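Next comes the structure, spelled out in structure tokens:
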């Protein structure tokens, strides 16, 4: 069930409606996939999951089985993102959850952190089926069968993919004082500034 | 402490240990006693005799005792300090109130609270908001759009309305905003400096 294009456009309008319903007190924040602010992620206690593609008929469950890449060391930055279900999607620096089968596999790369494993475990537990923890280099054949065959994947330490290392920033530029001044203001949006959408 | 002792290490040497509170007579006699001890035991005349004072024992003397302990002495390699490790920090829960005292931390995270307030998650479907069941909260599908109403806890209640979109959605938004220019005129209001 693919969302209609106009539904996407409606999101911003609906945000305005919700704001109006509380008398315009709310602060509206536009969040783009992959650039979620800390607070947005923190709302979900480290269990935020992004699925690529469509949901199944219920509209809330992804097509099974699926592979999730877990990243982030604390609830303010932890995200799970769906990646193509194949051995080449793995990365030694992260934790992966292979879900939707009889057993859930939690694959822990050599470079992953204990916090990442904990967050991955939390996500794996959502399925309410047995969870098998698999450590890189000690995979059994059933894991490779489930993922669709062993393939080469990123295993170099240098291939740690830093995401969001350069978040967008907003500058106010003005020459009203006679000198041209640029002032970084973006961070305040979440605390003091108000973005109004008419 | 009040006495003096002779430690016999055979022909390798005889140690005379003098307690801190040993009498002056004892201190003087100690060395002579040791000499007499060597003769009595029949050790060679060149057997060294070393005088050791309480709490000033050298390593050579201490090594004769397997369990000699010195206060504040390093055990093993002692405490190691490496560049990679920083001092241990005290783990505390995220306290939004304290951010006022820690503007740097507040700026870094940009968070108004720890995210434990009440939230309502909606999916946009057919121009309507459909509430997402609680067991599916936190799951986002790339082809859908979501609107989340978040209310902070505490005395000063603040409301946030987040709307979550996919990156390439911008094109659509721009094209739509050109059509209905008045609806998507985003501007900043109430600017404080």
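Protein chains in written order, with my numbering: chain A, 183 to 380; chain B, 168 to 360. For each residue, glycine too, the CB sits at the ideal point set by N, CA and C. Here the structure is a predicted model, which is why all the values come from computation and not from measurement.
Residue i burial status per 10 Å Cβ neighbour count (16 or more: buried)
i	result
residue 251/A	buried
residue 295/B	exposed
residue 355/A	exposed
residue 202/A	exposed
residue 288/B	buried
residue 291/A	buried
residue 187/B	exposed
residue 280/B	buried
residue 304/B	buried
residue 212/A	buried
residue 279/A	buried
residue 338/A	exposed
Cβ shell of residue i (< 8 Å), same chain only, five flanking positions each side left out
i	result
residue 261/A	218, 223, 230, 231, 232, 252, 253, 254
residue 307/B	313, 331
residue 295/A	255
residue 286/B	304, 315, 316, 317, 318
residue 266/A	249
Beta-carbon proximity list for residue i, same chain, < 6 Å, skipping 5 on both sides
i	result
residue 311/B	290
residue 238/A	245
residue 190/B	none
residue 336/A	273
residue 247/A	282, 283
Neighbourhood of residue i by C-beta distance below 7 Å, restricted to the same chain and skipping five residues each side
i	result
residue 339/B	Confidence at residue 339/B is low in this model, with a pLDDT of 45, below 50, so the placement of that residue is unreliable and no value is reported for it.
residue 284/A	311
residue 259/A	220, 223
residue 284/B	317, 318, 319, 320
Closest residue to residue i among the options (Cα-Cα distance)
i	options	result
residue 236/A	301/A, 360/A, 211/A, 264/A	264/A
residue 199/A	327/B, 332/B, 333/B	327/B
residue 282/A	329/A, 269/A, 291/A, 320/A	329/A
residue 196/B	238/B, 212/B, 171/B	171/B
residue 317/A	289/A, 326/A, 365/A	289/A
residue 228/A	330/B, 282/B, 198/B, 193/B	282/B
residue 269/A	325/A, 243/A, 306/A, 292/A	325/A
residue 309/B	287/B, 227/B, 333/B, 175/B	333/B
residue 353/A	360/A, 361/A, 365/A	365/A
residue 304/A	358/A, 323/A, 286/A	286/A
residue 302/B	234/A, 309/A, 359/A	309/A
residue 226/A	363/A, 301/A, 266/A	301/A
residue 240/A	322/B, 297/B, 214/B	297/B
residue 173/B	231/B, 211/B, 213/B, 226/B	231/B
residue 292/B	242/A, 234/A, 359/A, 257/A	242/A
CB contact below 8 Å: residue i versus chain B
i	result
residue 373/A	Confidence is the limiting factor: at residue 373/A the pLDDT is only 40, short of 50, which leaves the residue's position unreliable and the question unanswerable from this model.
residue 242/A	yes
residue 359/A	no
residue 245/A	no
residue 235/A	yes
residue 231/A	yes
residue 307/A	no
Beta carbon proximity, residue i to chain A, threshold 8 Å
i	result
residue 282/B	yes
residue 184/B	no
residue 235/B	no
residue 228/B	no
residue 298/B	no
residue 187/B	no
residue 321/B	no
residue 240/B	no
residue 216/B	no
residue 328/B	yes
residue 224/B	no
residue 174/B	no
residue 232/B	no
Amino acids of chain C, ordered along the chain, whose beta-carbon sits closer than 7 Å to that of residue i
i	result
residue 300/A	You won't find chain C in this structure, because its protein chains are A and B.
Mind the definition here: the segment 318-326 of chain B touches the segment 194-210 of chain A only if three or more C-beta pairs lie below 8 Å; say whether that holds. Inter-segment contact for the segment 318-326 of chain B and the segment 194-210 of chain A is present: three or more beta-carbon pairs are separated by less than 8 Å.
Counting pairs of beta carbons, one from the segment 214-234 of chain B and one from the segment 169-186 of chain B, are three or more of them closer than 8 Å? Taking one beta carbon from each stretch, the segment 214-234 of chain B and the segment 169-186 of chain B have 3 or more pairs nearer than 8 Å; the two touch.
Stretch-stretch touch, CB-based, cutoff 8 Å, three pairs: the segment 200-215 of chain B with the segment 224-244 of chain B: The segment 200-215 of chain B vs the segment 224-244 of chain B: no contact.
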